[in-house]
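Going left to right, the sequence shown walks through residues 0 to 105 as numbering that gives the first Met the number 0 numbers them.
The beta-carbon is built from N, C-alpha and C at its ideal position, and this holds for glycine as well.
Read the structure below first, then the notes.
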Amino acid sequence: MAWLFLGLAISCEVIATSLLKSTDGFTRLWPTLVCLGGYAGAFYLLTLSLRQLQVGTAYAIWSGLGTVAIALVGAVFLNEPMTLLKAFGMALVIAGVVVLNLGGAH
């Protein structure tokens, strides 16, 4: 269940982050409420995953995959350019998460 909670936490965080621009500085009610609810849900689900996962492992996965996912959301849905350099950066983030997790596997 810990991995499911972590996956849901990442999803909530990505949804919330993708809505930040549409809140218009938290002046638009509904996008703001969904955004803040998404962040609240993300942190709650992250705490549930920490009942079984190590903090370093969970946070590395949460932040790394969240970063890559929001970059992809930006490219696909928010018309942000996807360059080779951005793709390389995302690959480095994923590699970093893998290395951190392998390092803690002993």
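Please determine if the stretch 1-17 and the stretch 29-40 are in contact, where contact requires at least 3 C-beta pairs separated by less than 8 Å.
yes
In whole angstroms, give me the CA-to-CA distance for Val92 and Val98.
Val92 and Val98 have their C-alpha atoms some 10 Å from each other.
When we look at the beta-carbon of Leu101 and count the other beta-carbons within 10 Å, is it buried (16 or more) or exposed?
Answer is exposed; the Cβ neighbour count stays below 16.
For Gly65, which residues of its own chain have a beta-carbon under 7 Å away from its beta-carbon, when the five flanking residues on both sides are left out?
Non-local beta-carbon contacts of Gly65 in its own chain, meaning distances under 7 Å to residues more than five positions away in sequence, involve Ile9, Glu12, Val13 in chain order.
In angstroms, rounded to a whole number, what distance separates the CA positions of Leu32 and Ser21?
11 Å
I'd like to know whether the C-beta atoms of Leu45 and Ala57 end up nearer to each other than 8 Å.
yes
Spatial distance of Phe87 from Gln53 (CA atoms):
28 Å
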